[in-house]
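Worksheet: the structure to be examined is printed underneath.
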Amino acid sequence: AQSVAQPEDQVNVAEGNPLTVKCTYSVSGNPYLFWYVQYPNRGLQFLLKYITGDNLVKGSYGFEAEFNKSQTSFHLKKPSALVSDSALYFCAVRDDSGGSYIPTFGRGTSLIVHP
Amino acid sequence: DSGVTQTPKHLITATGQRVTLRCSPRSGDLSVYWYQQSLDQGLQFLIQYYNGEERAKGNILERFSAQQFPDLHSELNLSSLELGDSALYFCASSVRGVGANVLTFGAGSRLTVL
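So the protein lines, in turn, are chains A and B.
Counting from 1 along the first sequence, just add 111 to a position and that's the residue number in this note's numbering.
By this note's numbering, the letter at position 92 of the second sequence is numbered 85, and the numbering carries on one by one without gaps.
Okay, structure coming up:
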């Protein structure tokens, strides 16, 4: 079975400060990991994914995520937050060991960047 | 514009009624996924189709059904609607139905059941 947890419902950060949105996962095999962002009244948009290789993945809009196998985490980061980054962020996981090919999404974390 | 088109954008109906939500996938994508997003349940996978065939089923109620047509558009049918069915329904598409495919989401159909 595969599952993903986003332990924070909301993250507040000041503009210009670094931000981190946390995600932990559980899979039987190896994980495919994804981050998506949802702006108000919009569908989810893909930010980045990890399949294999470098633990640090770079994505859209200056976001990056660090894969940590020992801690089963895939935290989303950005060195300097913008007010326009305020949105709902979803982590998703898919187990590569077969079974379901459908990614499981976390409940989402609301990021609020204050001017 | 993501390339995934969902209609209608908003729908208000009464309990006991039936509605149909429509989705046109991004050009070239063969796989369609339906998700339900609500405040208490988060983003829940309902059902997936690949090239016209049902590929995977999630937490889809028996009152709900879906299909994918030869032109690859998909419809989600919701019947005997209840207040708790009020939610945002997303369609997503991907090139294939397996692997580490990125999903491209539509803007959603917001259903309100009164």
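C-beta atoms are modelled at their ideal positions from N, C-alpha and C, and glycine is treated no differently.
All values derive from a computational prediction rather than experimental measurement.
Close beta carbons around residue i, own chain, < 8 angstroms, minus the five adjacent residues each side
i, result
"Pro129 of chain A", "Lys188, Lys189, Pro190, Ser191 and Ala192"
"Val122 of chain A", "Leu130, Thr131, Val132, Thr220, Ser221, Leu222 and Ile223"
"Gly140 of chain A", "Asp206, Asp207, Ser208 and Gly209"
"Lys169 of chain A", "Leu159 and Glu175"
"Val115 of chain A", "Cys134, Thr135, Tyr136, Ser137, Cys202, Ala203, Val204, Thr215, Phe216 and Gly217"
Extent of the continuous beta strand (DSSP E) run through residue i
i, result
"Gly35 of chain B", "Gly35 to Tyr43"
"Ile5 of chain B", "His3 to Thr6"
"Gln29 of chain B", "Ser24 to Ser31"
"Ala116 of chain A", "Ser114 to Ala116"
"Ser(-5) of chain B", "Segment: none, Ser(-5) of chain B is in no beta strand (DSSP E) and carries neither H nor E."
"Val88 of chain B", "Per DSSP, Val88 of chain B belongs to no beta strand (DSSP E) and is neither H nor E."
"Arg15 of chain B", "Val12 to Ser17"
Reduced DSSP category for residue i - H, G, I as helix; E, B as strand; rest coil
i, result
"Asp196 of chain A", "helix"
"Tyr212 of chain A", "coil"
"Thr65 of chain B", "One detail in the question is off: residue 65 of chain B reads as Leu in this sequence, not Thr. Leu65 of chain B falls in the coil class under three-state DSSP."
"Leu76 of chain B", "helix"
"Tyr136 of chain A", "strand"
"Ser171 of chain A", "helix"
"Ile223 of chain A", "strand"
"Glu55 of chain B", "coil"
"Glu119 of chain A", "coil"
"Glu46 of chain B", "strand"
"Asn94 of chain B", "coil"
"Ser102 of chain B", "strand"
"Asn152 of chain A", "coil"
"Leu107 of chain B", "coil"
7 angstroms CB neighbourhood of residue i in its chain, flanking five on each side removed
i, result
"Glu126 of chain A", "Ala192, Leu193, Val194, Val224, His225 and Pro226"
"Pro214 of chain A", "Phe145, Ala203, Val204 and Arg205"
"Leu36 of chain B", "Tyr28 and Gln30"
"Gly21 of chain B", "Val88"
"Leu167 of chain A", "Glu175 and Glu177"
"Ala80 of chain B", "Gln29, Gln30, Ser31 and Leu104"
Cβ-Cβ separation, residue j to residue i (assumed contact under 8 angstroms), whole Å
i, j, result
"Val138 of chain A", "Gln113 of chain A", "5 angstroms"
"Ser197 of chain A", "Leu222 of chain A", "6 angstroms"
"Ser102 of chain B", "Leu4 of chain B", "6 angstroms"
"Leu65 of chain B", "Ile53 of chain B", "About 20 angstroms; that fails the 8 angstroms criterion."
"Leu76 of chain B", "Tyr26 of chain B", "Wrong, their Cβ atoms sit about 25 angstroms apart, outside the cutoff."
"Asn70 of chain B", "Thr105 of chain B", "17 angstroms between Cβ atoms; not a contact."
"Ser67 of chain B", "Arg19 of chain B", "In fact, because the Cβ distance is near 12 angstroms, the residues do not count as touching under 8 angstroms."
Residues near residue i in its chain [Cβ-Cβ closer than 6 angstroms; skip 5 each side]
i, result
"Thr0 of chain B", "Arg15"
"Asp120 of chain A", "none"
"Leu107 of chain B", "Ala7"
"Gly51 of chain B", "Phe38 and Leu39"
"Ser184 of chain A", "Thr135"
Cross-strand partners of residue i (DSSP beta bridge)
i, result
"Leu159 of chain A", "A:Trp146"
"Glu177 of chain A", "A:Leu167 and A:His186"
"Asp206 of chain A", "A:Pro142"
"Leu130 of chain A", "A:Lys189"
Below-8 angstroms beta-carbon distance, residue i vs any chain C residue
i, result
"Ser31 of chain B", "No chain C appears in this structure, whose protein chains are A and B."
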